[in-house]
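Participant: Numbering of the sequence shown is given in our numbering, commencing with residue 12 and proceeding in unit increments.
Positions of the beta carbon are idealized from the N, C-alpha and C atoms, including for glycine.
Just so you know, these numbers come straight off a predicted model, no measurement behind them.
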Amino acid sequence: MNLKYRKTIIAGNWKMNKTLSETRAYAEALKPQLGKHKWCEVVLCVPAVNIPGAVKLFKDTRLAIGGENCHYEASGAFTGEVTVEMLKEVGAKYVIIGHSERRQYYNETDLTVNKKVHAALEAGLRPIVCVGESLEQRELDVTEELITYQVKIALAGLTESQVRRVVIAYEPIWAIGTGKTATAEQAGAVCSHIRGVIRKLYGARVARAVTIQYGGSMNAKNAAELLAQPDIDGGLIGGASLKPDDFMAIINAANQEA
Ligand code: 13P
12 MNLKYRKTII
22 AGNWKMNKTL
32 SETRAYAEAL
42 KPQLGKHKWC
52 EVVLCVPAVN
62 IPGAVKLFKD
72 TRLAIGGENC
82 HYEASGAFTG
92 EVTVEMLKEV
102 GAKYVIIGHS
112 ERRQYYNETD
122 LTVNKKVHAA
132 LEAGLRPIVC
142 VGESLEQREL
152 DVTEELITYQ
162 VKIALAGLTE
172 SQVRRVVIAY
182 EPIWAIGTGK
192 TATAEQAGAV
202 CSHIRGVIRK
212 LYGARVARAV
222 TIQYGGSMNA
232 KNAAELLAQP
242 DIDGGLIGGA
252 SLKPDDFMAI
262 INAANQEA
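(1) Hey, D242 and Q224 are a contact pair by Cβ (cut 8 Å); roughly how many whole angstroms apart?
(2) Given this structure, state the Cα-to-Cα distance separating S252 from Q197, to the nearest angstrom.
(3) How would you write the range of the alpha helix (DSSP H) that I261 sits in, first residue to last?
(4) Alpha helix (DSSP H) containing V142: first to last residue?
(5) In three-state terms, what does DSSP make of A134?
(6) Is K127 near ligand 1, in the sense that its beta carbon is under 8 Å from a heavy atom of that ligand?
(7) Quick check on the DSSP output: the alpha helix (DSSP H) that includes G87 runs from which residue to which?
(8) Buried or exposed: S111, going by 16 or more other Cβ atoms within 10 Å of its Cβ?
(9) Going by DSSP in three states, L151 sits in which element: helix, strand or coil?
(10) Measuring CB atoms only, is the stretch 164-172 touching the stretch 40-57, in the sense that at least three cross pairs come out at less than 8 Å?
(11) Can you list, in chain order, the residues of its chain whose CB lies under 8 Å from that of T222, leaving out five sequence neighbours each side?
(12) So V140 and V153 are supposed to be a Cβ contact under 8 Å. How far apart are they, rounded?
(13) Can you find a heavy atom of ligand 1 that lies under 8 Å from the Cβ of E112?
(14) Would you kindly check if the distance between the Cβ of A75 and the Cβ of K29 is under 9 Å?
(15) Pick out whichever of L166, G226, R73 has its Cα sitting closest to the Cα of A38.
(16) For V201, collect the residues of the same chain with a Cβ closer than 7 Å to its Cβ; drop the 5 residues on either side in sequence, then sort them by chain order.
(17) Nearest to I261 by alpha carbon, out of A231, I248, E236?
(18) For L31 versus V66, is the C-beta spacing smaller than 9 Å?
(19) With G102 as the anchor, note down where its alpha helix (DSSP H) starts and where it stops.
(20) For V25, does the count of other Cβ atoms within 10 angstroms reach 16, so buried, or fall short, so exposed?
(21) Taking the straight line between their C-alpha atoms, what separation do you get for L237 and M97?
(22) With H, G and I counted as helix, E and B as strand and the rest as coil, what does DSSP make of I299?
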């Protein structure tokens, strides 16, 4: 973390979990603890159908609600999809784009990621753009090249002020939902690399202002060590964000530094 230059953001990605009534129970458990979070921003990205309910449940708190995906077109014949304006109008502030599960199961590509990033920013949503390598790619030692490629395409055509509003989440695919976390050094090195890519594209001032998260089996136990890395500015948390106490413990880990 580096609180002088950028916001720490702890975001939960609920994926395809929790009904509205389960969301209500979660909010009841988390809200009394939330007042204590100070420096970091807290976000919960929930299934699209539950966004309006979640916004209402957390309306008196500083926790923001986000979507987990969006389409890049403004409207049209895309059965089952939601637009950025739809997300915006029901109160979402963030949207996850290019999660590896979307890339793997729904044919999301770097080019669609780029279109979605543009659409989100134009609607006033902050995109959380996911990048990350598979185990095979790591073993072939192409992680840095791959991440460079993903980041460059995701950010293509954005202005400096738009890039400052983008959050990048480094999520090694082999660490997602597997209980295998990247070591703090491994995660920190890739997040530094990402900042270096942004520096080359947009200069040092923009690069140091961008929030870069780590995601992949982040939990109450390992969060503090990961967040101690200078280029890890938060987390995108799946499994551990589903339990209010675990999520709160991660938020607290992000609040250790003044
Ligand atoms: P887990 O925290 O369950 O590994 O999921 C990480 C993730 O995919 C967040 O987007």
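Facilitator: Once the coordinates are examined:
(1) Between Q224 and D242 the Cβ distance is about 10 Å, and since that is not below 8 Å, they are no contact.
(2) Answer to the nearest angstrom: the Cα atoms are 22 Å apart.
(3) Residues 255-265.
(4) From DSSP, V142 is part of no alpha helix (DSSP H) but of the beta strand (DSSP E) over 137-142.
(5) If DSSP states are grouped into helix, strand and coil, A134 belongs with the helices.
(6) No; taking the cut-off as 8 Å, the Cβ of K127 has no heavy atom of ligand 1 nearer than that.
(7) First-last for G87: undefined, no H or E at that position.
(8) Buried, because 16 or more other Cβ atoms sit within 10 Å of the Cβ of S111.
(9) In this structure, DSSP gives L151 a state outside helix and strand, which the three-state scheme calls coil.
(10) No, they do not touch.
(11) Excluding residues up to 5 positions away in sequence, R17, K18, T19, I20, V178, I179, D244, G245 lie with their Cβ nearer than 8 Å to the Cβ of T222 in the same chain.
(12) About 20 Å separates the two Cβ atoms, so there is no contact after all.
(13) Under cutoff, so the answer is yes.
(14) Contact: no.
(15) When only C-alpha atoms are compared, the closest one is R73.
(16) Result list for V201: T154, I158, Y181, in chain order.
(17) Per the C-alpha coordinates, the member of A231, I248, E236 positioned closest to I261 is A231.
(18) Cβ distance not < 9 Å, so L31 and V66 don't count as in contact.
(19) Premise fails: G102 is in no alpha helix (DSSP H) and is neither H nor E.
(20) It should be pointed out that residue 25 corresponds to Trp in this sequence rather than to Val. By the neighbour-count rule (16 or more Cβ atoms within 10 Å), W25 is buried.
(21) Each residue's CA atom was taken as its position, placing L237 and M97 some 34 Å apart.
(22) Missing from the structure shown is residue 299; the chain here goes from 12 to 269 and no further.
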